[in-house]
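J.: Positions 3 to 279 (our numbering) are the ones given, in order, by the sequence shown.
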Amino acid sequence: MKLCNISVDGETHLAIETGRGLIDATAAGFMKNMDAVIRGDGAEELRRIAKDESLPLVEKPVYANVVNRPGKLVCVGLNYRAHAAGVNMKLPDYPILFSKFDNALTPAETDVTLPPWESSYDYEAELVIVMGKTAWNVSEDEAKDYIFGYTCGNDFSLRDAQMRSGQWLIGKTMPGFGPCGPCIVTADSFDPEEGKNVRSYVNGVLRQNGSTAEMIFSCARIVSYASKYIRLEPGDLIFTGTPSGVALEEKEKVWLKPGDVVDVFIEDIGTLTNRLV
């Protein structure tokens, strides 16, 4: 099942992406929000609504954040071998964890502001895990049971600030620097271990072309490891790392600038688009 949050007259509605188009489940009488569904409430009713062909379709959705109340935004660095090689960094023995603040989260098709006092802005297409249960010290074998679903993410980065110290935070967490969406695909219909294409485009030009099969640490390993140090809660988002092809890897680096449009495509999820201003 594919679910998304949309904005309707200033309110956030839960919508379902179906074979015939997007259905506004809230307008159809569904009384729960995305956060409640992530916690396990209302899935059967949503399936019934998705099958109702009498319901009207949303023609031009305005997307809202994939979760109603943003929680933790946890990120993994250097999780693709080719990317680690491209930035001349050693392959990690354990997942490298860092974070973004909650106001880094922004919806699909929204503008992201690049402050003019910096310049080394970069893109990172990433598969994002959406947590469905509280996870604290869970095993790798158990970890998949704690995942609600997956979405597309872009770990926008300010490289100069990121590289000033071993702490990457200030280079990662400017407002809007964690777009996610447009939808969440539930874990029962998406398996990253099958090898899903992960691509990014800048102004329509392909920049990254990888696969989740190339990840050093699987989603289950990431959730298990992170849960030993961070109490993960339903609705928390985990950015799982980026494939090779970011601007930082190039000899002649072409940083992002206002006016650029970045698309993140993940097979069987969709395309996350954001314009830079």
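Positions of the beta carbon are idealized from the N, C-alpha and C atoms, including for glycine.
Given the structure is predicted, the values throughout are model-derived calculations rather than measurements.
So what does DSSP say about residue 105, is it helix, strand or coil?
T.: The sequence position of residue 105 within the sequence shown is 103, counting from 1. Helix.
J.: Can you tell me where the alpha helix (DSSP H) holding residue 50 begins and where it ends?
T.: Within the sequence shown, numbered from 1, the residue matching residue 50 stands at position 48. Counting along the chain, the alpha helix (DSSP H) containing residue 50 begins and ends at 45 to 53.
J.: Can you have a look at residue 118 and say buried or exposed, based on whether 16 or more other CB atoms are within 10 angstroms of its CB?
T.: Within the sequence shown, the letter at position 116 stands for residue 118. Looking at its Cβ environment, which holds fewer than 16 other Cβ atoms inside 10 Å, residue 118 is exposed.
J.: Should residue 18 and residue 51 be called a contact, given that it needs their Cβ atoms to be closer than 9 Å?
T.: In the sequence shown, counting from the first residue as 1, residue 18 sits at position 16. In the sequence shown, counting from the first residue as 1, residue 51 sits at position 49. Yes, they are a contact pair.
J.: Output yes or no for whether 9 Å exceeds the beta carbon distance between residue 154 and residue 110.
T.: Here residue 154 refers to the residue found at position 152 when the sequence shown is read from its first residue. Here residue 110 refers to the residue found at position 108 when the sequence shown is read from its first residue. Yes. Within cutoff.
J.: Look up residue 191 in the DSSP assignment and say whether it is helix, strand or coil.
T.: Here residue 191 refers to the residue found at position 189 when the sequence shown is read from its first residue. Three-state DSSP puts residue 191 in a helix.
J.: Between the region 80 to 90 and the region 212 to 227, do three or more beta carbon pairs fall short of 8 Å?
T.: Counting C-beta pairs closer than 8 Å gives three or more between the region 80 to 90 and the region 212 to 227, which meets the contact rule.
J.: In three-state terms, what does DSSP make of residue 214?
T.: What you label residue 214 is simply residue 212 of the sequence shown in a count that begins at 1. Residue state, collapsed to three classes: helix.
J.: Less than 9 Å between the beta carbons of residue 113 and residue 7, yes or no?
T.: Residue 113 sits at position 111 when you count from the first residue of the sequence shown. Residue 7 sits at position 5 when you count from the first residue of the sequence shown. Contact flag unset, no.
J.: In terms of residue numbering, what span does the beta strand (DSSP E) encompassing residue 240 cover?
T.: Within the sequence shown, numbered from 1, the residue matching residue 240 stands at position 238. Taken as a continuous stretch (DSSP letters only), the beta strand (DSSP E) holding residue 240 covers 239 to 241.
J.: Taking C-alpha atoms, which residue in 69, 151, 27 and 68 lies nearest to residue 54?
T.: Locating residue 54 in the sequence shown gives position 52, where the first residue counts as 1. Of the candidates 69, 151, 27 and 68, the one whose C-alpha sits nearest the C-alpha of residue 54 is 27.
J.: Would you grab the beta carbon distance between residue 1 and residue 124 for me? Rounded to a whole angstrom, and I think it's under 8 Å.
T.: Nothing about residue 1 can be reported from this structure: the residues present for the chain run from 3 to 279 only.
J.: Pull up the distance between the alpha-carbon of residue 60 and that of residue 272, whole angstroms please.
T.: Mapped onto the sequence shown, residue 60 falls at position 58. Mapped onto the sequence shown, residue 272 falls at position 270. If you take the alpha carbons of residue 60 and residue 272, they lie about 17 Å apart.
J.: Can you name, in chain order, every residue of its own chain whose Cβ lies under 6 Å from the Cβ of residue 241, other than the five neighbours on each side?
T.: Residue mapping note: residue 241 aligns to position 239 of the sequence shown, counting from 1. For residue 241, where only same-chain residues beyond five positions count, the Cβ hits under 6 Å are 77, 128, 130, 155 and 157.
J.: Measuring straight from C-alpha to C-alpha, what distance separates residue 102 and residue 171?
T.: Start at 1 with the first residue of the sequence shown, and residue 102 comes out as number 100. Start at 1 with the first residue of the sequence shown, and residue 171 comes out as number 169. Whole-angstrom Cα-Cα distance: 7 Å.
J.: What did DSSP end up calling residue 226 once you bin it into helix, strand or coil?
T.: Stepping through the sequence shown from its first residue, residue 226 is reached at position 224. Note: residue 226 maps to helix in three-state DSSP.
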